[in-house]
Amino acid sequence: MKYILFSVFFVFSFFCFSQITINVIDFDTNLPISGAKIYLHTNNLLLGISDAKGTILLETEKMENETVFVEAAKYMPKYEIINEDYYTIYLESKEQYKKKSSDAESIIFQMIKKEKINNPHALENYQYTSYTKFEIDADSSSFHYIETPKKKREIINNQIKTILPYSMFFIAERAMIHKYDKKLGEKNIIEANNVSGLKKPIYEALAKALMMNELPDFLEEKNLKFYRFKKVDSLEINHRKTYKVVFYLKKQYNSIAASNGTLFVDAESYALVRYIGTIKDNLTYFYKIEREPHYGIWFTRSEYTKIFFPITRILNKNNPGAHSWATISTVYSKFKTMVSFTKKEFFGYNYETEKDFWDNDKKISLYRNPILTRRELNTYPTIDSLSQKYKLIKKIQFFSPILNGEVKVGKINFDLFNSVRFNDFEGLRFQFGGRTNYDFSKDFSVRSFAAWATKDQQMKFGGGIDFFVNKINNGKLCLFAESDVNAAGKNRFREYGAIENIRDQTNNLSNNIYYRHEKGTLEYQQDFFDIFTAAIVTDYQKQKPVFNYSYKGNPTYTKYDQFATSLRIKFTPFVKYMKTPIDKIAIEDNLPYFFFNYTRSWNAFSSDFEYNKIDLTSFLKWENSLGNTKITANAGYISGKTTLLNLYEGFGVVKNGSTVWGRFELKGYNTFETIHPGSFFASQYTAFFLSHTFKDLRVFGHKYLYITIVYNGMIGNLEHRELHSEHKFSVPEKYYQEVGIEFNKLISIFGIGAYYRLGTYHTGNFDNNLYLKLTYTLFK
Numbered sequence: 037m038k039y040i041l042f043s044v045f046f047v048f049s050f051f052c053f054s055q056i057t058i059n060v061i062d063f064d065t066n067l068p069i070s071g072a073k074i075y076l077h078t079n080n081l082l083l084g085i086s087d088a089k090g091t092i093l094l095e096t097e098k099m100e101n102e103t104v105f106v107e108a109a110k111y112m113p114k115y116e117i118i119n120e121d122y123y124t125i126y127l128e129s130k131e132q133y134k135k136k137s138s139d140a141e142s143i144i145f146q147m148i149k150k151e152k153i154n155n156p157h158a159l160e161n162y163q164y165t166s167y168t169k170f171e172i173d174a175d176s177s178s179f180h181y182i183e184t185p186k187k188k189r190e191i192i193n194n195q196i197k198t199i200l201p202y203s204m205f206f207i208a209e210r211a212m213i214h215k216y217d218k219k220l221g222e223k224n225i226i227e228a229n230n231v232s233g234l235k236k237p238i239y240e241a242l243a244k245a246l247m248m249n250e251l252p253d254f255l256e257e258k259n260l261k262f263y264r265f266k267k268v269d270s271l272e273i274n275h276r277k278t279y280k281v282v283f284y285l286k287k288q289y290n291s292i293a294a295s296n297g298t299l300f301v302d303a304e305s306y307a308l309v310r311y312i313g314t315i316k317d318n319l320t321y322f323y324k325i326e327r328e329p330h331y332g333i334w335f336t337r338s339e340y341t342k343i344f345f346p347i348t349r350i351l352n353k354n355n356p357g358a359h360s361w362a363t364i365s366t367v368y369s370k371f372k373t374m375v376s377f378t379k380k381e382f383f384g385y386n387y388e389t390e391k392d393f394w395d396n397d398k399k400i401s402l403y404r405n406p407i408l409t410r411r412e413l414n415t416y417p418t419i420d421s422l423s424q425k426y427k428l429i430k431k432i433q434f435f436s437p438i439l440n441g442e443v444k445v446g447k448i449n450f451d452l453f454n455s456v457r458f459n460d461f462e463g464l465r466f467q468f469g470g471r472t473n474y475d476f477s478k479d480f481s482v483r484s485f486a487a488w489a490t491k492d493q494q495m496k497f498g499g500g501i502d503f504f505v506n507k508i509n510n511g512k513l514c515l516f517a518e519s520d521v522n523a524a525g526k527n528r529f530r531e532y533g534a535i536e537n538i539r540d541q542t543n544n545l546s547n548n549i550y551y552r553h554e555k556g557t558l559e560y561q562q563d564f565f566d567i568f569t570a571a572i573v574t575d576y577q578k579q580k581p582v583f584n585y586s587y588k589g590n591p592t593y594t595k596y597d598q599f600a601t602s603l604r605i606k607f608t609p610f611v612k613y614m615k616t617p618i619d620k621i622a623i624e625d626n627l628p629y630f631f632f633n634y635t636r637s638w639n640a641f642s643s644d645f646e647y648n649k650i651d652l653t654s655f656l657k658w659e660n661s662l663g664n665t666k667i668t669a670n671a672g673y674i675s676g677k678t679t680l681l682n683l684y685e686g687f688g689v690v691k692n693g694s695t696v697w698g699r700f701e702l703k704g705y706n707t708f709e710t711i712h713p714g715s716f717f718a719s720q721y722t723a724f725f726l727s728h729t730f731k732d733l734r735v736f737g738h739k740y741l742y743i744t745i746v747y748n749g750m751i752g753n754l755e756h757r758e759l760h761s762e763h764k765f766s767v768p769e770k771y772y773q774e775v776g777i778e779f780n781k782l783i784s785i786f787g788i789g790a791y792y793r794l795g796t797y798h799t800g801n802f803d804n805n806l807y808l809k810l811t812y813t814l815f816k
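Be aware that the sequence shown starts at 37, since it is given in our numbering, and climbs by one per residue.
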């Protein structure tokens with residue numbers, strides 16, 4: 037009987053526990069490493085120590101995708117994901133022999149070279165589905181139960197300890213259909229989406245782009261010199277011979293870079309079959325990508341990311357030993373090519389949502405792969421209950437519009453970024469305003485503002501309504517009236533984003549060349565072909581300069597009338613948008629941008645001007661081995677007669693001061709750092725702003741030096757110079773240029789820049805041409 041019981045116990049143990057063999061090997065010598073310690077990363081539990089053969093036998097539950105930390109004397113420590121029952125971990129000596137492996141590097145070069153023909157984009161068309169699961173979890177054993185909690189943090193700690201055995205912190209799921217055609221483009225449709233704790237979608241959270249058949253960023257030919265590669269094995273995957281290549285980062289070239297990993301490369305096609313890698317910075321990231329062959333190309337089958345982060349330290353600072361992590365896993369399936377698509381299927385935007393996509397468990401269950409565990413299923417009702425208890429939905433919805441410069445309170449989004457501003461004319465300006473949101477009406481939005489400033493002590497106000505028409509093309513019909521002030525020669529002809537609006541405010545800190553206007557505007561705008569946004573605008577305004585200026589010999593402060601129409605076009609060829617029932621969201625915001633504006637001021641309705649005006653602006657960017665180069669190019673042309681208020685000002689931002697430090701202030705955005713506001717005007721001009729930011733230069737530890745060099749240039753002309761008097765200004769008829777160097781992020785987001793005037797406008801005195809500025813890096 038005892039033998040039967042022993043046999044039953046042995047079989048039970050065999051099925052409950054599996055034996056995992058781990059070999060720890062020297063990266064350079066292939067010799068075993070004894071005394072290496074392996075810890076489970078989730079709770080720092082010591083799993084074992086390697087013997088004289090470098091082997092560790094683990095009697096444990098299945099450890100697929102479990103993360104371990106490995107350390108040994110005289111070797112660099114390493115994080116690794118365990119993916120097999122027999123696993124080899126390569127450690128690099130601290131002495132770093134730095135031997136080259138020409139065969140491994142040859143394999144990697146071939147893989148990069150043939151990526152285009154191995155990628156699905158080599159096909160004429162294809163279609164597939166994806167199922168993504170995002171989870172936040174923690175190790176319950178690392179939380180301590182407090183028997184008599186007194187503080188709120190201690191109570192939360194106990195609640196977390198209670199729910200973790202049967203629920204996670206968070207779970208979200210997304211199912212999508214992806215279509216691609218070389219002629220028609222691409223289309224990605226969110227079929228279904230579930231998010232624990234939320235009853236309404238936060239569309240910004242849906243916009244996470246997938247890697248989808250792309251090589252990891254670090255595998256670019258220009259970056260290979262920073263890594264050591266070694267071919268360690270040949271094996272069979274998908275019944276095909278496959279090279280196994282391990283790699284180490286030998287020299288850090290960015291503040292965040294892949295530190296080590298393993299690449300599996302198909303021996304025949306040189307396609308990437310599998311990638312397992314680690315990134316270690318302030319957080320620890322683990323990646324695993326699997327590919328498989330279809331129709332002569334290699335298609336991504338799955339992606340897995342695990343990120344360790346201190347969310348539990350945020351919840352309870354008294355429990356620093358708690359471990360938490362997020363996982364993002366995506367499974368791709370139903371891949372097919374030679375699909376018969378219609379143009380209608382690709383009409384609209386790159387990313388869209390189905391009407392019934394939100395909280396549709398029935399639909400998403402058709403895509404789940406694998407099905408949810410009992411603990412994952414329990415997370416939805418558990419987090420829904422906690423969300424209602426702590427009013428998390430309202431808090432999230434309150435903060436979700438902040439990236440757009442707004443704060444949502446009920447049915448109104450209040451303007452945040454424009455609430456406090458400063459310029460030399462108004463002084464400190466306080467503004468209160470906002471707009472009704474989608475909860476108020478799905479068909480229109482009412483917006484308004486009221487402002488008062490300390491220096492001019494004048495009220496400014498405005499209001500209007502936007503009607504959402506032709507929603508499939510993001511069409512809007514806008515009516516707006518305002519009484520406000522604006523800087524002379526800086527008329528806006530394009531919509532500014534929230535971040536660009538903040539930057540633009542710094543351009544007028546020392547500017548007091550302003551005019552008042554009372555304006556009414558009628559505008560219709562809509563998107564064309566996803567990448568074009570066009571608007572037709574009609575406006576009537578009364579303008580009054582509030583600086584010492586005379587036009588045609590009229591008395592200063594004379595009020596002028598203007599009636600004008602405009603055509604505005606925005607072209608963003610590489611930006612990919614998601615269309616939602618509320619608005620469109622840029623999910624891949626890539627340069628270049630191009631803006632075109634044509635304005636006609638008519639001799640009608642008592643208008644004092646008749647002229648034509650053309651404006652062009654482009655934002656360009658290039659990445660290279662030394663960093664990235666940005667160019668903003670502007671050009672403008674006016675034919676006809678009008679005041680300085682409607683001409684082009686010289687992008688000046690300099691503060692008045694007799695010494696270098698007396699002129700010290702905040703740097704502008706796409707401006708000349710050596711020109712005073714209002715000192716240059718033109719009716720035709722060309723200007724560009726060039727900057728090159730070098731790759732982050734590591735100084736010591738985690739400290740980096742961020743260096744940018746700057747070169748700006750401008751030339752212009754002014755017709756009918758005799759019409760303008762009283763205000764003293766120049767015309768940039770000769771080429772104006774300046775250079776600069778910036779040391780950014782010396783303290784938090786702030787740094788310092790030095791700028792120097794060159795060429796014709798150089799005064800001959802070093803101090804008069806040198807300007808020091810406080811730089812800032814906001815949303816890089």
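Glycine included, C-beta positions come from ideal geometry on N, C-alpha and C.
All values reported here derive from a predicted model rather than from experimental measurement.
Own chain residues within Cβ distance below 7 Å of residue i, not counting five before or after
i      : result
Tyr202 : Arg411 and Asn414
Asp14  : The structure shown does not extend to residue 14, since the chain is modelled only from 37 through 816, so no value can be given for it.
Asn780 : Tyr742, Thr744, Gly787, Thr811 and Thr813
Beta strand (DSSP E) segment containing residue i, residue limits
i      : result
Leu422 : Not the beta strand (DSSP E): Leu422 falls in the alpha helix (DSSP H), residues Arg410 to Lys425.
Ser602 : Tyr596 to Phe607
Leu653 : The question names Leu, but residue 653 in the sequence shown is Thr. Taken as a continuous stretch (DSSP letters only), the beta strand (DSSP E) holding Thr653 covers Glu646 to Asn660.
Asp217 : Phe206 to Asp217
Asp451 : Ile448 to Asp451
Asn664 : Gly663 to Lys677
Buried or exposed (CB count within 10 angstroms, at least 16 for buried), residue i
i      : result
Ser26  : There is simply no residue 26 to check, as the chain begins at 37 and stops at 816 in what is shown.
Met830 : Residue numbering for the chain in the displayed model covers 37 to 816; residue 830 lies beyond these limits and cannot be assessed.
Pro113 : exposed
Arg757 : exposed
Ile85  : exposed
Ala109 : exposed
Ile69  : buried
Tyr331 : exposed
Gly698 : exposed
Pro768 : buried
Residues near residue i by beta carbon distance below 6 Å, same chain, minus five either side
i      : result
Leu351 : Low confidence applies to Leu351: its pLDDT is 49, below 50, so where it sits in the model is not reliable, and the reading given next is rough at best. Cβ neighbours of Leu351 beyond the five flanking positions: Ile192.
Lys353 : Here Lys353 scores only 48 on pLDDT, less than 50, and its place in the model is too uncertain to base an answer on.
Ala362 : Ile172 and Ile343
Tyr576 : Gly556 and Phe599
Lys578 : Glu554, Lys595 and Asp597
Lys612 : Asn386, Ile623 and Glu624
Beta-carbon proximity check, residue i vs residue j, cutoff 7 Å
i      : j      : result
Phe655 : Tyr629 : yes
Phe283 : Thr320 : no
Gly823 : Tyr684 : Because the chain spans 37 through 816 in this model, residue 823 falls outside it and cannot be assessed.
Ser423 : Gly233 : yes
Phe265 : Val281 : yes
Ile621 : Tyr239 : yes
Lys703 : Gly789 : yes
Lys324 : Ile312 : yes
Ser365 : Lys496 : no
Ala489 : Gly463 : yes
Cutoff 7 Å: residue i Cβ touching any chain B Cβ
i      : result
Asn753 : Given the protein chain composition of this structure (a single chain), no chain B is represented.
Alpha helix (DSSP H) segment containing residue i, residue limits
i      : result
Asp139 : Ser138 to Lys149
Lys398 : Asp397 to Ile400
Asp803 : Phe802 to Asn805
Cβ neighbours of residue i in the same chain (closer than 8 Å, five flanking residues each side left out)
i      : result
Thr799 : Arg793 and Asn805
Ile182 : Glu190, Asn193 and Asn194
Check whether the region 537-544 and the region 589-609 are in contact - that is, three or more C-beta pairs closer than 8 Å.
no
Three or more C-beta pairs under 8 Å: does that hold for the region 388-398 against the region 174-187?
no
Please determine if the region 631-647 and the region 660-669 are in contact, where contact requires at least 3 C-beta pairs separated by less than 8 Å.
Because the criterion of three Cβ pairs below 8 Å is not met, the region 631-647 and the region 660-669 do not touch.
Are at least three pairs of beta-carbons, each pair with one atom in the region 554-570 and one in the region 464-483, less than 8 Å apart?
no
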